[in-house]
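Top to bottom, those sequences are chains A and B.
Quick note on this note's numbering: the first sequence kicks off at 15 and runs consecutively.
Quick note on this note's numbering: the second sequence kicks off at 15 and runs consecutively.
A virtual CB, placed ideally from N, CA and C, is assigned to each residue, including glycine.
There are 2 protein chains.
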Amino acid sequence: MHTFSEENYLRAIYRLSLDGSGKISPTSIAEALDNNPASVVDMLKKLTDKKLISYDKKKGAKLTDKGTKTAIEVVRKHRLWEVFLLEKLGYGWEEIHDIAEQLEHIHNDELADRLDKFLGFPDYDPHGDPIPKANGKIATAYKTMLLEVEPGNSCQVAAVKDTSVEFLQYLEKLGVGIGTRLKVIEKIAFDGSMVIQVGKGNSINVSKKFGESILVG
Amino acid sequence: MHTFSEENYLRAIYRLSLDGSGKISPTSIAEALDNNPASVVDMLKKLTDKKLISYDKKKGAKLTDKGTKTAIEVVRKHRLWEVFLLEKLGYGWEEIHDIAEQLEHIHNDELADRLDKFLGFPDYDPHGDPIPKANGKIATAYKTMLLEVEPGNSCQVAAVKDTSVEFLQYLEKLGVGIGTRLKVIEKIAFDGSMVIQVGKGNSINVSKKFGESILVG
DNA sequence: ATAATTTATTAGGCATGCCTAATTTTTTAT
DNA sequence: ATAAAAAATTAGGCATGCCTAATAAATTAT
Ligand SMILES: [Mn+2]
Ligand SMILES: [Mn+2]
Ligand SMILES: [Mn+2]
Ligand SMILES: [Mn+2]
């Protein structure tokens with residue numbers, strides 16, 4: 015079995031590989047895990063020895079099939095537990111990520127499948143991310159950023175790319191959740207911010223970072 | 015926050031203190047945790063420094079108020095999770111202990127209370143052990159062993175003192191669970207074994223160890 | 001009381017997973 | 001091409017939590 019730390023690295027590498035933002039370097043992993051590049055280099059050696067990744071200074075880190083399988087299992091558990099925490103225990107959507115970060119490491123062969131069944135085989139987690147199925151298949155994630163929506167057009171919030179407490183509480187305050195209808199009124203060329211209308215409510219100005227953190231469908 | 019290992023030690027010391035089998039020594043703790051007395055001595059120092067226990071070669075280890083509080087919180091989570099795993103996820107009663115061993119270490123202030131509420135405030139776990147309440151109060155555990163029941167008398171299984179897979183699967187095979195009515199037919203002086211009738215079924219011979227592992231009420 | 005046995009403790013070591021500081025390599029700017 | 005900056009790596013260290021082997025202390029048996 016893998017350690018918590020190994021699983022956290024695999025999950026981080028997996029997420030970085032989906033971002034498609036190029037080479038997965040020690041620095042990028044360190045940033046994702048909020049630790050030190052030197053620590054990452056240590057761990058990349060261990061993961062390479064265990065055949066969970068390949069690592070090459072030129073090509074960066076890449077999950078092997080074995081590593082991908084493990085990463086997806088961890089992600090599956092993470093997202094299923096998030097659904098449980100929100101729907102069954104009544105936590106707020108800004109609280110669940112940190113707890114799921116711990117629960118994703120509980121080891122038991124049947125756990126994910128039993129939890130999945132108990133929850134009614136949900137397709138998406140509370141942040142709009144697709145939940146990998148028992149066979150490892152994953153629905154393709156939404157990938158249009160709110161930022162890319164042209165003024166005059168409407169869309170619905172499909173997922174949030176940032177699960178920080180700060181961002182989710184801000185969304186809560188604005189009345190924005192998964193499924194909320196947003197209309198882009200205007201884009202400000204100066205700083206990339208935009209004016210949007212939330213549902214049928216009033217218009218507000220949100221930053222470029224905000225526009226990049228919401229995926230719409 | 016405390017580490018998994020610290021919590022496991024606190025829980026072990028707590029359980030040993032309830033057994034009332036005298037002084038809690040490094041050897042007894044090592045046996046409970048299946049590790050080495052030398053390791054235990056190391057940890058007793060750390061727990062003493064953190065004011066979670068007091069340790070004295072003469073008096074053995076004793077939980078402080080702070081240590082007791084933590085131990086009870088861990089036991090509370092352990093038993094609530096066991097109820098969850100059995101009742102909501104449908105695991106067998108011999109499978110839940112090991113998973114709860116992991117789940118008991120998930121840290122979140124509201125978790126135990128939310129889980130408790132979700133489960134309908136259960137009083138006992140699936141092995142018949144009382145679940146500590148939010149205020150730390152615990153129903154007194156059953157303490158009459160099946161072994162002490164006189165021939166001719168009947169009783170009901172209230173709890174099992176041994177949660178090993180081997181014992182629980184054996185009980186399963188015999189059709190014995192919490193609440194099962196048992197009648198003591200005969201006690202064999204030779205080896206302490208006894209002949210019991212399970213429910214309205216046939217009579218079987220069970221060992222002394224068996225008689226010591228079942229609590230009745 | 002002395003010897004044998006058991007228990008507790010210390011000493012030294014190892015794996016994990018992190019760190020800082022120093023060094024090397026690579027990339028970017030001039 | 002050279003200098004400056006950034007990224008990767010190495011070296012050395014630290015905390016945790018475990019181990020074995022050696023030693024000390026306490027118990028039990030003779
Ligand atoms: Mn995690
Ligand atoms: Mn999520
Ligand atoms: Mn248990
Ligand atoms: Mn445990």
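B:K76 (DSSP reduced to helix, strand or coil) = Strand, per DSSP.
ask   = In angstroms, rounded to a whole number, what distance separates the CA positions of B:L24 and B:A114?
value = 16 Å
key: Collapsed DSSP secondary structure at A:M15 in the structure displayed   = coil
request  = Taking all protein chains shown into account, decide if A:M208 is buried (16 or more other Cβ within 10 angstroms of its Cβ) or exposed.
outcome  = buried
inquiry  = Quick check: is the beta carbon of B:R128 nearer than 8 Å to any beta carbon in chain A?
reply    = yes
message = For B:G104, would you say it is in contact with chain A, using Cβ-to-Cβ distances shorter than 8 Å as the test?
response = yes
Counted within 10 angstroms of its Cβ, other Cβ atoms place B:E20 as buried (16 or more) or exposed = buried
ask   = For A:L161, which residues of its own chain have a beta-carbon under 6 Å away from its beta-carbon, when the five flanking residues on both sides are left out?
value = G225, E226
inquiry  = Output needed for B:Q183: all residues of its chain with C-beta closer than 6 Å, excluding positions within five of it in sequence on either side, in chain order.
reply    = E108
ask   = Counting Cβ pairs closer than 8 Å, one from the region 77-89 of chain A and one from the region 58-68 of chain A, do we hit at least three?
value = Contact between the region 77-89 of chain A and the region 58-68 of chain A is present, because at least three Cβ pairs lie under 8 Å.
task = State yes or no: is the beta carbon of B:H121 nearer than 8 Å to at least one beta carbon in chain A?
result = yes
query = Taking Cβ-Cβ distances shorter than 8 Å, what residues in chain A pair up with B:I113?
reply = I120, N122, L125
message = Please list, in chain order, the residues of the region 159-181 of chain B that have any C-beta partner in chain A closer than 7 Å.
response = none
ask   = Is the CB of A:L117 under 8 Å away from at least one CB in chain B?
value = yes
ask   = Considering only C-alpha positions, which residue in the set A:V190, A:V163, A:G215, A:G231 is nearest to A:K222?
value = A:V163
query = Quick one: does the C-beta of B:H92 sit closer than 7 Å to a heavy atom of ligand 1?
reply = no
query = What is the DSSP secondary structure of A:Y184, counted as helix, strand or coil?
reply = Collapsing the DSSP output to three states places A:Y184 in a helix.
request  = Following the continuous beta strand (DSSP E) through B:A173, name the residue where it begins and the one where it ends.
outcome  = That run of the beta strand (DSSP E) goes 168-174.
query = Quick one: Cα of A:N216 to Cα of B:P144, how far?
reply = Taking the Cα positions, A:N216 is about 54 Å away from B:P144.
ask   = Mind checking if B:F135 is an interface residue toward chain A, Cβ cutoff 8 Å exclusive?
value = no
query = Relative to ligand 2, is the shortest distance from any of its heavy atoms to the C-beta of A:E124 smaller than 7 Å?
reply = no
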